[in-house]
Each structure stands twice: as structure tokens, then as C-alpha cells.
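Engineer: All the letters of the sequence shown, read from the start, carry residue numbers 1 to 572 under UniProt numbering. Glycine included, every Cβ here is placed at the ideal spot set by N, Cα and C.
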Amino acid sequence: MNKKQIIEHLDLIALYLEIKGENPFKIAAYHRAGLALENDPRSMDEIENLSELKGIGRSTAQVITDLVTSGKSTVLQDLVKEIPSGLLPLRNLPGLGGKKIGKLYRELGITDQSSLQEACEQGKVSQLSGFGAKTEGNLLEALKEQQHRPSVLPIPYMLDLAEQIERALQSCDHVHRFSRAGSLRRAKETMKDLDFVVETSDPKQAAEDLLQKLPIHEIIGQGEAKMTVLLDDHNQVSVDFRFATAETFASMLLHFTGSKEHNVLLRRLAKERNEKISEYGIEKEDGTTKVFQNEAEVYRYFGLNFIPPQARAGRDELDRAKIGPLPLISLSNIKGDLHMHSTWSDGAHTIEEMVEAMRARGYRYACLTDHSRSLRVANGLSIERLEKQINEVSSINESNKDFTLFSGVEMDILPDGRLDYPDDILRQLDFVIASIHSSFSQDKKQIMKRLENACRNPYVRLIAHPTGRMLGKRRGYAVDVEALIALAAETGTALELNASRFRLDLSSKWLGKVQEAGVKIAIDTDSHSLKMMEDMKLGVETAIRAGIKPENVLNTWPIDQLKHFLQQKKPV
Ligand SMILES: [Zn+2]
Ligand SMILES: [Zn+2]
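This is the structure we're talking about:
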């Protein structure tokens with residue numbers, strides 16, 4: 001268990017204790033212990049004596065030790081047994097935290113959403129001290145809204161489910177190979193359902209295996225060619241499994257990846273040759289069906305170069321693939337990651353651990369960009385600590401000959417537009433990222449003033465997550481993206497495609513315009529943990545949706561080219 005996970009577990013224990021109505025000192029002890037870990041720059045492996053840390057007492061030290069050694073804690077397990085599991089989701093309702101949930105539980109016997117709704121309808125909740133009629137009305141409204149299952153769900157939610165399904169598929173003996181299909185494979189930001197194409201010689205057995213391994217709410221349909229289920233997740237997501245043989249796998253994958261519009265273009269192309277394309281292959285004029293090894297072979301059959309799934313939009317991609325290979329970025333072009341956090345601010349791992357993981361991905365370089373001093377919730381770096389970190393980075397570079405770690409920072413653009421460090425500090429860094437993490441509700445004029453100040457600073461090379469949106473959670477601040485692109489072009493500032501599945505910011509909708517304006521892009525994972533590094537794939541897929549060419553992405557460049565770019569002064 002890494003540090004971040006341990007802190008989450010400590011917070012969870014505190015939440016349970018609050019619900020239980022435990023003594024506030026005990027609850028505070030868990031919050032304090034979490035904070036103590038958060039503020040310590042070392043990773044869990046490096047902390048030898050927990051009780052030496054200020055804020056960690058004997059009992060919290062024991063819990064942390066249990067979590068580190070076994071991934072479990074008896075304290076937590078006992079609480080999980082004692083407190084009804086239906087209470088935790090109530091946290092997502094407006095105004096409800098551990099304290100209030102505890103009150104509902106202990107005084108009204110509420111154990112889940114439906115008993116809460118009943119109590120609201122009977123006017124019992126407004127009778128509790130600290131609640132009132134307005135709170136009750138808000139809760140009832142939110143509860144009713146939740147009953148309508150959203151018609152589309154955001155990609156971070158669907159990716160988590162897909163990864164769970166893939167683990168199940170991987171462990172099925174009767175499954176030979178499988179792939180994501182549909183909207184998820186095309187990296188759409190929202191989607192209705194999930195699609196998988198599964199190669200098996202025994203569809204019935206494969207289906208049985210899957211039903212065993214997955215949390216299923218309902219089986220909608222089950223046959224030789226296909227199984228549709230509703231998962232037992234919060235939204236009861238519908239999943240289609242299409243069963244293919246070794247011969248039909250490629251055609252099935254192509255067909256069920258879509259888009260519909262892309263398939264229409266392919267059908268038209270086949271028709272011109274008096275052939276028919278379907279999920280089973282290509283039916284020729286003489287009635288025989290041609291099958292394929294992989295999707296590239298299908299495209300080649302039509303005289304086309306390969307079209308990556310994310311570029312299958314049904315626009316002009318077939319015409320372009322006829323002329324030559326599509327000049328699109330691919331994951332193999334990526335040579336580094338320019339935005340990541342370590343335990344020095346709010347990351348889960350030490351600088352060395354992050355560097356090691358980046359190197360293991362085959363990267364040649366990375367840039368360390370911990371948070372700046374004003375972002376206190378993330379343990380942002382004081383000037384003193386930043387200078388110490390710059391030294392640390394250079395000593396890491398001395399012992400690493402085949403990998404370069406750039407020293408950088410993710411600097412807050414303050415609410416009044418000032419930057420969080422003076423220029424003589426920024427000058428010492430290889431790469432300065434600026435971003436907005438506060439006062440999201442400001443009007444467009446003020447937000448743009450902040451972004452303009454950052455762009456016009458000679459040391460700021462990149463604006464991170466330019467709109468601040470969180471997929472499925474919040475829309476971001478009032479940024480005029482077109483004006484920001486113009487500013488970036490004028491000042492030679494790059495814009496980020498933050499590849500985190502929770503952000504995808506800028507979105508593919510804007511990235512094409514960024515490229516057209518001659519503005520450089522950095523595809524960054526903004527990793528706070530090792531797992532988050534995997535989202536580089538999603539970032540690249542998002543860039544492909546926007547038609548981004550590798551040469552316009554900073555972190556595809558060889559290190560010398562990148563160094564040259566960084567050493568060049570901005571034209572501001
Ligand atoms: Zn940020
Ligand atoms: Zn960041």
C-alpha cells in the first residue's frame with residue numbers, strides 16, 4: 001500500500017468513527033496522522049520509525065503498520081462490520097459529512113439512500129437539530145435526481161469498470177484474446193455502455209466464466225454470438241460481450257469499434273467493388289467470405305493505410321488514408337512526461353521512485369513539477385524547499401546517465417493574477433508550469449487576466465489543465481479558450497493536454513485549434529502515483545482524436561531538441 005492509499009484509509013477510519021459518534025479526540029487523531037504522513041517528504045518505505053513523526057500516536061502507528069505490512073487493518077475491518085455499508089454513499093449528497101450521517105444513523109436509524117428518502121418524505125429529518133426544512137428539501141431533491149440513471153457516463157468512471165472487466169477476461173480459461181471496442185476504444189469522453197470483443201472457441205463456457213467473475217446486476221441477453229449484462233455498479237452500466245472466432249475477431253473488432261459513420265464509409269467503399277463488409281468479414285462477388293488477421297489487413301485490402309480507432313470519425317479519414325500513412329501521434333512517439341508530483345508535495349512516491357517508474361516505461365526524460373508554496377493543502381514548496389529540491393534533482397541526474405530529470409514546478413497563478421514565485425526563483429528552473437487551482441468562480445475577465453499574466457511571464461513555458469474541468473464532476477472556470485490559444489501563440493507558451501482520466505484538459509475539441517495556431521502541446525499525466533502514469537495512453541488517444549501530429553508535441557522530441565527549446569528565451 002502506498003502513502004496515498006494509507007492516508008485514504010486513515011480518513012476512512014475517521015469517517016466511520018464520526019458516523020459511530022466516537023469521541024472527537026479519537027477522530028482527530030486519525031486526521032492528524034494522515035496529515036503527518038502527507039507532510040513528510042519520504043515514502044512509506046523510507047519511514048523507519050512512525051512514532052517519531054509528530055502527530056502519530058501509538059494506536060495510529062499500529063494501524064499504519066498493519067496497513068503497510070498486510071494491506072489490512074483490524075480497526076477498519078471491525079468498523080466495516082459494524083456500520084451499514086449503505087451509509088457511505090450518502091457522502092455524495094449535498095451538505096452531508098460524517099457527523100451528520102452519524103446523526104441520521106443513530107437518531108433516525110437511517111442506513112441507506114432509500115431509508116433516508118423515506119425519512120425526508122415524512123419530515124423526520126428536519127426535526128433533527130442541525131438540519132432544518134431547507135436541508136431536508138435539498139436532500140430530497142438530490143435523492144430523486146440520483147434515481148434517474150444518467151444516459152451517458154464520463155470516461156474516468158467507465159475506464160475503471162473496463163479495467164475490472166479486463167482483469168476478469170484475463171483470468172478466463174476459455175477466452176483466447178479480447179479487446180475493448182465501441183466508444184471507449186475510440187476514447188470518447190462520455191459513453192452509454194461498454195463493448196468488448198472476445199475470441200473464444202466456447203462462447204457458452206466463456207459467458208459462464210464471466211458471470212462468475214463479474215459483479216452482475218442483471219443478464220439482459222445471452223447467446224452464441226453475444227452476451228449483454230448490467231453490472232452491479234452504482235449506475236448499472238450495460239456491457240456487451242461479442243464472441244468471435246480466431247477468423248472473425250478482426251472484422252468483429254473493426255465493426256463494433258465504429259464509429260457508425262466510419263462504418264458507413266467502409267460499407268460504401270465495399271459496395272463500389274460489389275462486395276459487402278460485415279462483422280464476419282468481406283463477402284465477395286462470388287459469394288465467398290474473406291477473413292482477416294487484423295484490422296490493418298482490412299484497410300490494406302481496400303488500398304488504405306491503417307486508421308487508428310480514435311481517428312475513425314466518419315469524416316475524411318478514408319480519403320486521407322488513401323494518400324499515405326496518417327501523420328498522427330502514437331504512444332511510441334512519447335519520450336517523457338513533463339508534469340508529475342512527488343512526496344515533496346502531494347504525490348505518493350519519492351522523486352527516485354517516480355524516476356525509476358518513468359525510466360521503466362522507456363522514457364528518456366521527465367520533469368518534476370511539485371506544487372508551489374500557496375497551495376498549502378498540497379504541501380506546496382516554500383522557496384527554501386524548492387531550492388533544496390533543485391539540488392536534489394541535480395544529484396539524481398549525476399547518478400543517472402541514460403535519463404534526464406528536469407527541475408520544474410507547477411506554480412499557482414494566484415487569484416489576483418500574481419504568480420507564486422518571483423522571477424529570480426523561476427530563472428533557476430528548467431521548466432515552469434503555471435496553473436489555476438483557486439477562486440474558480442471568478443468571472444471570465446479576471447480568469448483571463450490571470451492566464452495572461454502567466455503567459456506573459458518569460459519563464460512560464462506551459463499552462464497546465466487550461467480549463468480546470470473534472471470530467472463528470474465540475475465544468476472548470478470561465479476561460480475563453482480561443483483567446484488563451486491566441487495568447488499562447490503570441491507569447492510562445494505551450495498548452496497542456498492533461499492526460500489524467502479525470503481531466504483530459506484541453507479536450508480534443510480544442511486541441512486541433514491549438515495545433516493550427518502553431519502552439520506547442522505537452523501531453524502530461526500529472527502523475528501523483530505510479531498508476532496514473534498509465535493515462536499517457538489515454539492522452540495520446542485523445543490527441544489522435546484531434547488529429548495531432550507528433551512534431552507538435554514537446555514530449556515526443558529528442559532530449560537535445562527539447563533542451564534547445566527550453567534554453568531559447570520566450571519571445572515575450
Ligand atoms: Zn494542477
Ligand atoms: Zn499537477
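Grab the span of the alpha helix (DSSP H) containing S251 for me, first residue to last.
Structural biologist: Unbroken alpha helix (DSSP H) run through S251: F249 to T257.
Engineer: Which same chain residues end up closer than 7 Å to Y16 when comparing Cβ atoms and leaving out the 5 residues on each side of it in sequence?
Structural biologist: Sequence-distant partners of Y16 (beyond 5 residues in either direction) whose C-beta falls short of 7 Å from its own C-beta, in its chain, are L79 and I83.
Engineer: Given this structure, state the Cα-to-Cα distance separating F256 from L530, to the nearest angstrom.
Structural biologist: 32 Å
Engineer: What runs of the alpha helix (DSSP H), each 4 residues or longer, lie entirely inside the stretch 328-371?
Structural biologist: 351-360
Engineer: Within the present structure, is the beta-carbon of S435 separated from the nearest heavy atom of ligand 1 by less than 6 Å?
Structural biologist: Result yes, Cβ under 6 Å from ligand 1.
Engineer: Looking only at its own chain, which residues have a Cβ that is under 7 Å from the Cβ of G102, when we skip the five neighbours before and after it?
Structural biologist: E18, I19, K20 and G21
Engineer: Considering only DSSP beta bridges, list what D505 is partnered with.
Structural biologist: N498
Engineer: Pull up the CB-CB distance for E410 and S372, whole angstroms please, since I reckon it's below 8 Å.
Structural biologist: 7 Å
Engineer: State whether the stretch 212-224 contacts the stretch 176-187, with contact taken as three or more CB pairs (one from each stretch) at a distance under 8 Å.
Structural biologist: Taking 8 Å as the limit for Cβ pairs, the verdict is that the stretch 176-187 does not touch the stretch 212-224.
Engineer: Got a sec, what are the start and stop residues for the alpha helix (DSSP H) D430 sits in?
Structural biologist: Looking at the DSSP string, D430 is not in any alpha helix (DSSP H), and its letter there is neither H nor E.
Engineer: Please return the same chain residues whose Cβ sits closer than 7 Å to the Cβ of L67, not counting the five positions on each side in sequence.
Structural biologist: M1, I6, H9 and S73
Engineer: How far does the beta strand (DSSP E) with H217 in it extend, from its first residue to its last?
Structural biologist: For H217, the enclosing beta strand (DSSP E) stretches over residues I216 to Q222.
Engineer: Between V377 and D11, what straight-line distance do the alpha-carbon atoms span, to the nearest angstrom?
Structural biologist: 15 Å
Engineer: Is A464 near ligand 3, with its Cβ less than 6 Å from a heavy atom?
Structural biologist: Here the bound small molecules are ligand 1 and ligand 2; ligand 3 is not part of this structure.
Engineer: Between which two residues does the alpha helix (DSSP H) harbouring D209 extend?
Structural biologist: In the DSSP assignment, D209 falls within the unbroken alpha helix (DSSP H) covering P203 to K213.
Engineer: What's the gap between the Cα of Y459 and the Cα of Q561?
Structural biologist: 18 Å
Engineer: With a threshold of 16 other CB atoms inside 10 Å of the CB of E199, please say whether the residue is buried or exposed.
Structural biologist: buried
Engineer: Are S342 and M354 closer than 7 Å when you measure CB to CB?
Structural biologist: yes
Engineer: Note down the Cα distance separating A483 from D173, rounded to an integer number of angstroms.
Structural biologist: 54 Å
Engineer: Can you find a heavy atom of ligand 2 that lies under 6 Å from the Cβ of D526?
Structural biologist: yes
Engineer: Can you say whether G539 is buried or exposed, counting buried as having 16 or more other CB atoms within 10 angstroms of its CB?
Structural biologist: buried
Engineer: Quick check: residue 576 and S43, are their CB atoms within less than 7 Å of each other?
Structural biologist: Since the first residue shown for the chain is 1 and the last is 572, residue 576 is missing from the structure and cannot be characterised.
Engineer: With which residues is S527 paired in a DSSP beta bridge?
Structural biologist: DSSP output for S527 lists M340 as bridge partner(s).
Engineer: Quick check on M1: does DSSP put it in helix, strand or coil?
Structural biologist: DSSP places M1 in coil when its eight states are reduced to three.
Engineer: Closest by CA to G55, which one among S70, K26 and G347?
Structural biologist: Comparing alpha carbon positions, the residue from S70, K26 and G347 closest to G55 is K26.
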